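All residue numbers for the sequence shown refer to the working numbering, where the first residue is 21 and numbers rise by one. Just so you know, even glycine gets a beta-carbon here, dropped at the ideal spot from N, CA and C. Since the structure is predicted, the reported quantities are computational estimates derived from the model, not experimental observations.
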Amino acid sequence: MGNCAIRGARPPSLRSAERSGSRRGQRLIWIASLIALLAASPAIAQQDFYRNKTINLVVGFQPGGGIDTSARFVARHLPRFIEGNPAVIIQNLDGAAGVVAANYLERRAVHDGLTIAIPGRSWFIEPMLGNRNAQYDPLKLAYVGSTGAMNSLMW
């Protein structure tokens with residue numbers, strides 16, 4: 021014949037196993053809740069950080085040009101994608117193909133997360149090409165994203 025079970029009667033070893041399984045389940049739920057709370061903390065902190073603040077968008081070219089037009093498009097739509105909906109203003113610092121703006125970022129801008137830039141194509145190589153006016157380290161510039169793709173050729 022098959023296995024025989026008596027309803028309601030469980031061996032003591034099974035009862036303690038069920039209780040320890042229940043405790044493990046409770047621990048797993050507690051740990052999962054803690055992880056979810058910690059994962060949400062940066063979003064909450066970000067929302068608080070950018071609320072009622074202004075992001076300074078540095079553009080290394082004169083108003084009305086192609087890069088400035090791209091920057092104004094980004095400035096119009098960027099607040100929708102940042103928690104806290106900060107204001108965005110554009111600061112044009114034209115000169116030396118954007119090197120003036122890059123020097124400003126390195127030497128004068130406050131490094132508090134409220135200053136970003138839309139660089140020109142040469143910002144990252146000017147110091148390496150020996151431009152003495154480029155008084156910034158391109159490796160200290162943090163790349164965030166791109167406003168578009170462009171093919172370039174060097175020879």
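- prompt: Where do the ends of the beta strand (DSSP E) carrying V120 lie?
  reply: Run containing V120: none in the beta strand (DSSP E); it sits in the alpha helix (DSSP H), V119 to R127.
* **Endpoints, beta strand (DSSP E) assigned at I109** => Going by DSSP, I109 is part of the beta strand (DSSP E) stretching over A107 to N112.
Q. If we count Cβ pairs, one from each stretch, closer than 8 angstroms, do we get three or more for the segment 78–89 versus the segment 116–123?
A. Touching, per the Cβ criterion.
message = Using only the alpha-carbon positions, how far apart do L98 and N153 sit?
response = Each residue's CA atom was taken as its position, placing L98 and N153 some 31 angstroms apart.
- request: Determine the contact status of A177 and E103, defining contact as a CB-CB distance below 9 angstroms.
  value: Summary: the structure shown does not reach residue 177, with the chain confined to residues 21 through 175, and so no result is reported for it.
Requested in this report: Assign A107 to one of two classes, buried (16 or more other C-beta atoms within 10 Å of its C-beta) or exposed (fewer than that).
Outcome: So A107 ends up on the exposed side.
TODO: State the start and end residues of the unbroken alpha helix (DSSP H) segment that holds T89.
DONE: Taken as a continuous stretch (DSSP letters only), the alpha helix (DSSP H) holding T89 covers G86 to H97.
**Request:** Please state whether DSSP places I75 in a helix, a strand or coil.
**Result:** I75: strand per DSSP, three-state reduction.
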